[in-house]
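*Asks:* Structure provided below as structure tokens; questions to follow.
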Amino acid sequence: MLTKPVAVVRSTRPGSTRLLKQAWIPTVRRVLAILPYVPLPSDTGGTLRTLELVRALASRFSLDVFAVHRAGNDAEGFKRWLGELGVPASRLHLVDLPRVAPEETLNSTRAFLRGTPLTYVRFARQGVQDALRRVLAERGPFDIIHFDHLHMAQLLPLARQLNPSAHLVIDEHNVESQLLARMAPLSPPPMRPLLNWQFKRVERLERECVRQADTVLACSSVDAEQLRAMGAKRVQVVPNGVKLPDFEPRESKGDDLVFVGSMDWWPNEDAVLLLAREVWPLVSSELSTSKLMVVGRSPPASVRALENERLVVTGSVPSVAPYLARALATAIPLRAGSGTRLKVLEAAAAGVPVVATRLAVEGLPVVEGQHVLLAESPEEFAIALRRLRKDPDLCSRLAQNARRMAESFAWDGIGAGLGELYLNAVSVSGEGKKLSGAEPN
Numbered sequence: 000m001l002t003k004p005v006a007v008v009r010s011t012r013p014g015s016t017r018l019l020k021q022a023w024i025p026t027v028r029r030v031l032a033i034l035p036y037v038p039l040p041s042d043t044g045g046t047l048r049t050l051e052l053v054r055a056l057a058s059r060f061s062l063d064v065f066a067v068h069r070a071g072n073d074a075e076g077f078k079r080w081l082g083e084l085g086v087p088a089s090r091l092h093l094v095d096l097p098r099v100a101p102e103e104t105l106n107s108t109r110a111f112l113r114g115t116p117l118t119y120v121r122f123a124r125q126g127v128q129d130a131l132r133r134v135l136a137e138r139g140p141f142d143i144i145h146f147d148h149l150h151m152a153q154l155l156p157l158a159r160q161l162n163p164s165a166h167l168v169i170d171e172h173n174v175e176s177q178l179l180a181r182m183a184p185l186s187p188p189p190m191r192p193l194l195n196w197q198f199k200r201v202e203r204l205e206r207e208c209v210r211q212a213d214t215v216l217a218c219s220s221v222d223a224e225q226l227r228a229m230g231a232k233r234v235q236v237v238p239n240g241v242k243l244p245d246f247e248p249r250e251s252k253g254d255d256l257v258f259v260g261s262m263d264w265w266p267n268e269d270a271v272l273l274l275a276r277e278v279w280p281l282v283s284s285e286l287s288t289s290k291l292m293v294v295g296r297s298p299p300a301s302v303r304a305l306e307n308e309r310l311v312v313t314g315s316v317p318s319v320a321p322y323l324a325r326a327l328a329t330a331i332p333l334r335a336g337s338g339t340r341l342k343v344l345e346a347a348a349a350g351v352p353v354v355a356t357r358l359a360v361e362g363l364p365v366v367e368g369q370h371v372l373l374a375e376s377p378e379e380f381a382i383a384l385r386r387l388r389k390d391p392d393l394c395s396r397l398a399q400n401a402r403r404m405a406e407s408f409a410w411d412g413i414g415a416g417l418g419e420l421y422l423n424a425v426s427v428s429g430e431g432k433k434l435s436g437a438e439p440n
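With numbering that gives the first Met the number 0, you'll find the sequence shown wraps up at 440, consecutive numbering, no jumps.
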């Protein structure tokens, strides 16, 4: 906690200027978190990370939250959740994205023609910019402005202009341009030109944003190196985590094969289709008492079409823990992605053996044969799953080692690290600047 002088006691002797005592009190630093969504329900890896980092900021700083409100978001639930953390409703600033507005359509078209990536245009709308201007004018200045996702980092120049003393931070959930570069070769041929075109725009935007930021947060050292190569001045690793109490290790192994992930994220859809069409047929007869459980929100028609009596597509569920508790293993044939996978950490915390591609465990401190089994082809996945079925000792060893690894990724510890990082950032960036100090509700 930073401090500032609030009272000075001097000698009462006539003519004396000797300083006898200076009193200090803690100063709570002010943070504005800018989010591309209301992170409830927290049913994706992205919303889970956002929610936990907001929790960490709310418990350590005077926090305001600026969030884009989308259909399906639980704004009232988020408001209550923030209230329980001591953040009053007056500090939650929601902006709705109008579906049809001629002036917004014109502004979005202009942004697109200036080079804004297609899926980023709506976050650069004039209505979003105007709402942020109001918050900065009425609630600022802030010591730190935290941009969640590259989508919101488009607003960084505006924040710099209106709140020049703030330390500006981008939380990069993924290296977004790398994600697109990995997706393009796997996509249907008609989609590849569009993805390659989008990649070039996202890469340009990403380079501009990370170079302008005072600090960039990365999910792993792998992502951090790529962001430094783009020109980021200061990159800090703030990894994804897991809520350990939600995933207690099991006393006995289950039978099912489980895949967990948001089905409206294309890399997960691609992985599920590969798992169901190319891996499951190789092992289903040997795993005769097992089911393939596809667990996650918004399954598209291509995934729904896979369902049968031994292949279950759950859709959104309150918790993935019960499905992991009944699992022989989780199989993750991911072929595209960036950041780190919360699905790996959750399985590890639950004591469920993981069979995955190298990409799926990228950025995590895992060793083949100690924490996970690695596989790249359907045949290698099948071999690994047969090993787990026949070797309880291997299952137990993988589960125990993975759980110990997961314990070093508890969200509480990650939140504490983020708080310390932001206090240090304010200390450095505050030299020669007037900091905002504590502020009333």
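Yeah, the Cβ is synthetic: ideal placement off N, Cα and C, and Gly gets one too.
Over the uninterrupted alpha helix (DSSP H) stretch that includes H370, give me the two end residues.
*Replies:* Premise fails: H370 is in no alpha helix (DSSP H) and is neither H nor E.
*Asks:* Return yes when the Cβ of F258 is within less than 9 Å of the Cβ of L344, no when it is not.
*Replies:* no
*Asks:* Ends of the beta strand (DSSP E) at T329?
*Replies:* A326 to I331
*Asks:* In chain order, what residues of the same chain lie with their CB nearer than 6 Å to the CB of G414, ignoring the 5 residues before and after it?
*Replies:* A55
*Asks:* Assign D63 to buried or exposed, taking buried as 16 or more other Cβ atoms, counted over all protein chains shown, within 10 Å of its Cβ.
*Replies:* buried
*Asks:* Quick check on A180: does DSSP put it in helix, strand or coil?
*Replies:* In the structure shown, A180 sits in a helix (DSSP, three-state: H, G or I).
*Asks:* Q153 lies in the alpha helix (DSSP H); which residues open and close that run?
*Replies:* Q153 -> no alpha helix (DSSP H), and no H or E assigned at all.
*Asks:* Cα separation between V168 and L179?
*Replies:* 23 Å
*Asks:* Using the rule of at least 16 other Cβ atoms within 10 Å of the residue's Cβ for burial, across every protein chain shown, is G82 buried or exposed?
*Replies:* exposed
*Asks:* Taking a contact to mean a Cβ-Cβ separation below 9 Å, would you say A183 touches L161 in this structure?
*Replies:* no
*Asks:* Is it buried or exposed, A374, if we count other Cβ atoms within 10 angstroms and call 16 or more buried?
*Replies:* buried
*Asks:* When we look at the beta-carbon of L34 and count the other beta-carbons within 10 Å, is it buried (16 or more) or exposed?
*Replies:* Buried, by the Cβ-count rule.
*Asks:* Mapping the DSSP letters down to three states, classify N307 as helix, strand or coil.
*Replies:* Strand, per DSSP.
*Asks:* Looking only at its chain, what residues have a beta carbon closer than 6 Å to the beta carbon of N239, apart from the 5 residues adjacent to it on each side?
*Replies:* R48, C218, T339 and L341
*Asks:* At 3 residues or longer, what runs of the beta strand (DSSP E) sit wholly inside the segment 253–308?
*Replies:* 255–259 and 291–294
*Asks:* Do V311 and L327 come within 9 Å of each other at the CB atom, strictly closer than that value?
*Replies:* no
*Asks:* Report the CB separation of H166 from D222 in whole angstroms; it is logged as a contact under 8 Å.
*Replies:* Contact flag wrong, Cβ pair sits at about 21 Å.
*Asks:* Please report whether the beta-carbon of I143 lies at a distance below 9 Å from any beta-carbon of chain D.
*Replies:* Within the model displayed, chain D is absent; a lone protein chain is all it includes.
*Asks:* Indicate the three-state DSSP secondary structure (helix, strand or coil) for A374 in the structure shown.
*Replies:* coil
*Asks:* With R124 as the anchor, note down where its beta strand (DSSP E) starts and where it stops.
*Replies:* Neither: R124 is in no beta strand (DSSP E) and is coded neither H nor E.
*Asks:* For the alpha helix (DSSP H) containing A223, list its first residue and its last residue.
*Replies:* S220 to A228
*Asks:* Can you name the residues that DSSP bridges to Q235?
*Replies:* L216
*Asks:* If I follow the unbroken beta strand (DSSP E) through R29, where does it start and stop?
*Replies:* R29 to L34
*Asks:* Cα separation between A496 and V53?
*Replies:* Look at the range of the chain in this structure, 0 to 440, and you will see that residue 496 is not part of it.
*Asks:* Specify, as a first and last residue, the run of the alpha helix (DSSP H) that L193 falls within.
*Replies:* R191 to Q211
*Asks:* Give the DSSP-derived three-state secondary structure of L93 in the structure shown.
*Replies:* In the structure shown, L93 sits in a strand (DSSP, three-state: E or B).
*Asks:* Going by the beta-carbon positions, is the gap between M190 and V67 smaller than 9 Å?
*Replies:* Taking 9 Å as the cut-off, the Cβ atoms of M190 and V67 do not count as close.
*Asks:* Within the chosen definition, does the segment 393–404 reach the segment 349–358 through at least 3 CB pairs nearer than 8 Å?
*Replies:* yes
*Asks:* From the DSSP output, in three-state form, read off S407 for me.
*Replies:* coil
*Asks:* Drop a sphere of 10 angstroms on the beta-carbon of N267, count the other beta-carbons inside from all chains shown, and report buried for 16 or more, exposed for fewer.
*Replies:* buried
*Asks:* Any chance the segment 319–335 sits against the segment 243–257, with 3 or more Cβ pairs inside 8 Å?
*Replies:* The segment 319–335 is in contact with the segment 243–257.
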